[in-house]
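Below: one structure, written as structure tokens.
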Amino acid sequence: MTGEKKVSVINGKPEDALDFESANDKKPVNERGHWNNKIEFVLSVAGEIIGLGNVWRFPYLCYKNGGGAFFVPYIIFFICCGIPVFFLETALGQFTSEGGITCWRKCCPLFEGIGYATQVIVAHLNVYYVVILSWAIFYLFNCFTTELPWASCDHYWNTENCVDFQRNGTNFTFNPNATSPVVEFWERRVLKISSGIEHIGKLRWELALCLALAWVICYFCIWKGPKSTGKVVYVTATFPYAMLLVLLIRGVTLPGAWEGIKFYLYPDISRLSDPQVWVDAGTQIFFSYAICLGCLTALGSYNSYDNNCYRDCIMLCCLNSGTSFVAGFAIFSVLGFMALEQGVPIEAVAESGPGLAFIAYPKAVTMMPLSPLWACLFFMMLIFLGLDSQFVCVESLVTAVIDMYPETFRRGYRREMLILGLSICSFFVGLIMLTEGGMYVFQLFDSYAASGMCLLFVAIFESICIGWVYGSDRFYMNIEDMIGYRPAIFIKWCWMLLTPGICAGIFLFFLIKYKPLKYNNVYIYPDWGYGIGWMMALSSMVCIPLGVIIQLWKTPGSFSEVSLTLRLMLLIHYQSITISTLDGSDLEYVDNYKYLGVWLDCKLSFQTHIQHLQSKIKSRIKSISQNKASSTHAAKHTLVKLTILPILDFGDAIYKIASNATQQTGCSLSQCHPFCHQSPIYYPPLRPVCSRWLALTT
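So the number in our numbering is just where the residue sits in the sequence shown, counting from 1, plus 5.
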């Protein structure tokens with residue numbers, strides 16, 4: 006098995022996942038891609054993490070949980086969970102140059118299920134998050150009128166209970182069943198909502214067209230990978246800031262604005278004794294930072310190997326939380342104005358989620374001069390906030406699939422066809438949420454499929470995997486090799502103790518305090534509806550334990566032998582690579598075995614089979630050297646590097662065996678030093694092991 010094409014080097018390491026058996030394919034293998042500059046990476050991550058949750062969730066949680074007092078638990082979770090997990094995922098992607106699944110396969114095959122769990126959540130998110138964009142697009146189209154259609158009760162969708170707004174709480178009637186025009190526009194014109202999930206009803210074709218438009222835009226934003234995404238984010242990531250600034254200036258100049266801001270920030274210290282406040286702070290961090298979705302890993306994988314991802318992550322985390330804080334001023338200044346105009350307390354107008362975006366804020370703009378203009382700006386901001394979050398989530402799933410099967414999808418226009426296929430499938434699945442009963446389905450997706458419970462569960466295992474299985478010290482060495490210095494030691498302790506402990510506590514609180522979902526706190530779902538919700542939630546969480554079981558089951562040998570095999574798998578994962586030897590010639594090395602543990606027949610016990618290991622190493626190197634066309638000294642050096650070097654991490658006993666084996670093949674360990682100096686060029690993950698090699702032989 007030899008290939009005629011030399012493998013390209015991506016981000017400082019060979020694209021070792023390529024299959025040389027597919028070299029007969031006439032279509033050339035495309036490069037994986039990379040960011041053209043740091044700005045593209047920063048804007049892409051900013052666009053992903055700064056989304057709708059910053060505008061419609063954080064301000065409401067802040068007011069609901071004690072105003073300024075809410076910042077105490079929020080900052081604690083920000084430091085102990087947000088930054089550590091955010092940095093972990095970004096650094097892992099940059100270090101491995103792999104997507105959300107293969108990065109875990111490379112660093113810890115036993116927990117490859119973490120990658121599958123993140124992509125299952127993203128697949129659910131891709132289906133329902135874009136539905137919000139379709140609603141926002143529909144509202145935007147309805148803003149191009151002289152009078153907003155939700156400003157009065159003079160439309161065909163309004164009922165006899167519709168009551169126009171008047172100042173100071175005075176209405177035309179005291180009908181106890183009275184509804185506002187903005188609510189009727191949302192429920193009767195946009196959703197045409199049915200009585201329950203049992204009555205799905207007809208498809209809302211207008212919303213379906215808006216959904217199709219959203220998917221078309223999303224497709225062309227990412228169809229060329231970083232080349233297209235890196236250009237689009239210059240607009241999608243910056244435009245919402247311009248709109249937020251305009252709306253903020255307009256909001257704080259309205260009468261009653263400062264009462265709303267006071268209500269937003271006034272601290273109620275007594276609320277800190279409520280466990281729900283702390284749970285809300287923790288879940289908001291996970292919602293807002295897009296962690297445990299594989300998105301940060303995918304975006305980080307397109308960085309250059311020596312990019313200072315640590316500094317980038319700290320900056321982006323502060324930017325995200327700062328945006329949430331500023332958005333609260335923009336939202337509550339307008340809500341304060343609306344409360345003043347209606348003569349009601351702010352509690353009566355403050356809402357969260359879709360209720361804020363499609364009821365409260367649209368109602369507020371009807372009270373402003375030039376209301377269509379402000380409504381246009383608001384919904385354009387929502388669309389851009391949601392758009393880059395949506396297409397980055399799609400990019401995460403696409404990157405994960407392509408990195409799993411690079412020889413299939415990195416040829417011709419197969420990447421574009423894959424994105425098209427995923428977009429079409431997600432579009433058709435999403436149509437069920439645009440029926441008359443679709444809102445009930447949407448709430449199931451939002452509350453179960455991509456809930457905080459799923460994200461917390463994944464975060465627990467991500468932290469344990471890196472902190473204890475792969476090793477926090479080892480990952481710190483990898484990071485130091487990338488950025489030139491070690492991050493604050495506090496982050497390492499977060500990975501090992503604080504993050505998994507805090508996440509586990511919140512996860513248990515979720516389970517203990519679980520209450521069945523109610524739409525608008527009124528409609529109770531049928532039992533089969535809750536069953537569907539829990540199936541969606543478990544579909545991601547089950548991937549992690551199931552992955553561990555499958556990995557242990559498929560690896561032959563006793564449990565102790567399997568344990569050693571999996572430890573070896575943490576250190577090496579070669580399939581086929583091309584390496585330049587000392588004399589300048591190229592050596593094709595194609596390993597018939599996927600893992601070094603399998604190469605050793607999975608029959609090793611570190612304590613009792615040392616001699617067996619020694620004979621295996623000798624025979625393997627000897628057979629490969631004899632079978633190679635080039636048996637030069639440099640070629641032997643290369644073979645030794647590929648087969649022996651990763652084992653040195655097991656200690657001095659293995660080092661002595663490796664030394665004896667290499668000497669019998671005509672190559673001493675000290676002569677392999679040049680390869681340790683060269684290996685960072687070809688495979689950066691070997692750098693920490695090379696450092697140990699040099700320390701042992703000098």
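By construction, the Cβ of each residue, glycine as well, lies at the ideal position given by its N, Cα and C atoms. Only a predicted model underlies this, so the values are computations on that prediction, with no experimental measurement involved.
V90 in three-state terms, based on DSSP:
Against the sequence shown, residue 90 aligns to sequence position 85. Correct three-state label for V90: helix.
Indicate the three-state DSSP secondary structure (helix, strand or coil) for V34 in the structure shown.
In the sequence shown, the residue the question calls residue 34 occupies position 29. V34 falls in the strand class under three-state DSSP.
How is I529 classed by DSSP in three states: helix, strand or coil?
For the purposes of this step, residue 529 is taken as residue 524 along the sequence shown, with counting starting at 1. It is a strand residue.
Among I424, F92, A247, L298, nearest to I106 - alpha-carbon criterion:
Walking along the sequence shown from the start, residue 106 turns up at place 101. When only C-alpha atoms are compared, the closest one is L298.
Output the residue ranges of the alpha helix (DSSP H) runs that lie fully inside the region 234-274 and measure 4 residues or longer, sorted by chain position.
Segments of the alpha helix (DSSP H) lying fully in the region 234-274: 244-257, 262-270.
Assigned secondary structure, C1 (DSSP; H/G/I helix, E/B strand, else coil)
The structure shown does not extend to residue 1, since the chain spans only 6 to 703, so no value can be given for it.
Would G201 and Y490 qualify as a contact pair, given that the criterion is a beta-carbon distance under 8 angstroms?
As a first step, residue 201 is located in the sequence shown; it is residue number 196 there, counting from the start. As a first step, residue 490 is located in the sequence shown; it is residue number 485 there, counting from the start. Cβ distance not < 8 angstroms, so G201 and Y490 don't count as in contact.
Straight-line gap, A217 to T371 (C-alpha atoms, nearest Å)
In the sequence shown, the residue the question calls residue 217 occupies position 212. In the sequence shown, the residue the question calls residue 371 occupies position 366. C-alpha separation (whole angstroms): 29 angstroms.
Give the single residue among F466, L503, C508, E441 whose Cα lies nearest to the Cα of V553.
On the sequence shown, residue 553 is found 548 positions in, with the first residue counted as 1. It is F466.
Unbroken beta strand (DSSP E) runs of length 3 or more, entirely within the region 113-150: which are they?
none
Where do the ends of the alpha helix (DSSP H) carrying C158 lie?
One-based indexing of the sequence shown puts residue 158 at position 153. Note, C158: premise wrong, no alpha helix (DSSP H); not H, not E.
Between F432 and G235, what straight-line distance do the alpha-carbon atoms span, to the nearest angstrom?
Here residue 432 refers to the residue found at position 427 when the sequence shown is read from its first residue. Here residue 235 refers to the residue found at position 230 when the sequence shown is read from its first residue. Rounded to whole angstroms, F432 to G235 spans 24 angstroms at the Cα level.
If you follow the alpha helix (DSSP H) that F389 is part of, which residue opens it and which one closes it?
Residue mapping note: residue 389 aligns to position 384 of the sequence shown, counting from 1. F389 -> alpha helix (DSSP H) spans 376-409.
In whole angstroms, what separates the C-alpha of T184 from that of R193?
In the sequence shown, the residue the question calls residue 184 occupies position 179. In the sequence shown, the residue the question calls residue 193 occupies position 188. The straight-line gap from Cα to Cα measures roughly 12 angstroms.
Suppose you measure from the CA of Y464 to the CA of P505; what does that come to, to the nearest Å?
The residue given as residue 464 occupies position 459 in the sequence shown. The residue given as residue 505 occupies position 500 in the sequence shown. Inspection of the sequence shows that residue 464 is occupied by Ala rather than by Tyr. Answer to the nearest angstrom: the Cα atoms are 7 angstroms apart.
Under 8 angstroms between C-beta atoms, does G348 make it to chain B?
The chain inventory of the structure shown lacks chain B, comprising one protein chain alone.
Could you give the first and the last residue of the continuous alpha helix (DSSP H) run that contains K559?
For this step, residue 559 is matched to residue 554 along the sequence shown. Element bounds for K559: 548-559.
Please go through the same chain and pick out, in chain order, the residues whose beta-carbon is closer than 6 angstroms to the beta-carbon of I469, but skip the five residues on each side of it.
In the sequence shown, the residue the question calls residue 469 occupies position 464. Cβ within range, chain order: P505.
Taking DSSP's pairing of strands, which residues face R416 in a bridge?
Taking the sequence shown and counting its residues from 1, the one referred to as residue 416 is at position 411. For R416, which the question treats as bridged, DSSP gives the partners V34.
Would you kindly check if the distance between the Cβ of L304 and the Cβ of V50 is under 8 angstroms?
For the purposes of this step, residue 50 is taken as residue 45 along the sequence shown, with counting starting at 1. For the purposes of this step, residue 304 is taken as residue 299 along the sequence shown, with counting starting at 1. Yes, they are a contact pair.
Apart from the five residues on each side of it in sequence, which residues of its chain come closer than 6 angstroms, Cβ to Cβ, to G534?
The residue given as residue 534 occupies position 529 in the sequence shown. I202.
Tell me which residues share the same chain as M540 and place their Cβ nearer than 7 angstroms to its Cβ, disregarding the 5 neighbours each side in the sequence.
For the purposes of this step, residue 540 is taken as the residue at position 535 of the sequence shown. So the list is empty, once near-sequence residues are dropped.
Rounded to a whole number of angstroms, what is the C-alpha to C-alpha distance between F76 and V339?
Looking up residue 76 in the sequence shown gives position 71. Looking up residue 339 in the sequence shown gives position 334. Cα to Cα, the separation comes out at about 22 angstroms.
Close-in-space but distant-in-sequence residues of the same chain around G333 (CB under 7 angstroms, 5 per side omitted)
Counted from its first residue, the sequence shown places residue 333 at position 328. Only F63, P64, C67, Y269 meet the Cβ criterion.
From which residue to which residue does the alpha helix (DSSP H) around W498 run?
Residue 498 sits at position 493 when you count from the first residue of the sequence shown. Its alpha helix (DSSP H) spans residues 494-498.
Per DSSP, cross-strand counterpart(s) of T95
Start at 1 with the first residue of the sequence shown, and residue 95 comes out as number 90. Note: T95 sits in no beta bridge, so no partner.
Would you call the region 37-56 and the region 249-260 in contact, with 3 or more CB pairs under 8 angstroms?
no
For F342 and M373, what's the separation of their Cα atoms in angstroms?
Mapped onto the sequence shown, residue 342 falls at position 337. Mapped onto the sequence shown, residue 373 falls at position 368. Roughly 10 angstroms between the two C-alpha positions.
If we count the other Cβ atoms within 10 Å of its Cβ and call it buried at 16 or more, is L575 buried or exposed?
Taking the first residue of the sequence shown as position 1, residue 575 is located at position 570. Any reading at L575 must be qualified, since the residue scores a pLDDT of 49, below 50, and its modelled position is unreliable; the value itself is stated next. Answer is buried; the Cβ neighbour count reaches 16.
How is K523 classed by DSSP in three states: helix, strand or coil?
Your numbering for residue 523 matches position 518 in the sequence shown. K523 falls in the strand class under three-state DSSP.
Just mark L644 as buried or exposed, buried being the case when its beta carbon has 16 or more other beta carbons within 10 Å.
As a working note, residue 644 is residue 639 in the sequence shown. Annotation note: pLDDT 43 at L644 (below 50); position unreliable, no value reported.
I need the straight-line Cα distance from W140 to L436, nearest angstrom please.
Residue mapping note: residue 140 aligns to position 135 of the sequence shown, counting from 1. Residue mapping note: residue 436 aligns to position 431 of the sequence shown, counting from 1. One alpha carbon belongs to W140, the other to L436, and they sit about 13 angstroms apart.
Who are the near neighbours of Y224 in its chain, counting only those whose CB is closer than 7 angstroms to its CB and skipping five residues on each side?
The sequence position of residue 224 within the sequence shown is 219, counting from 1. Cβ within range, chain order: I424, L425, S428.
Rounded to the nearest angstrom, what separates L513 and S456 at their Cα positions?
Start at 1 with the first residue of the sequence shown, and residue 513 comes out as number 508. Start at 1 with the first residue of the sequence shown, and residue 456 comes out as number 451. About 14 angstroms.
For the ligand SAM, is there a heavy atom less than 7 angstroms away from the beta-carbon of M540?
Absence of the ligand SAM from the depicted structure is noted, as is the absence of any ligand whatsoever, leaving it without description.
Whose C-beta lies closer than 8 angstroms to the C-beta of A247 among residues of the same chain, with five residues either side of it excluded?
One-based indexing of the sequence shown puts residue 247 at position 242. Result list for A247: empty, nothing under 8 angstroms.
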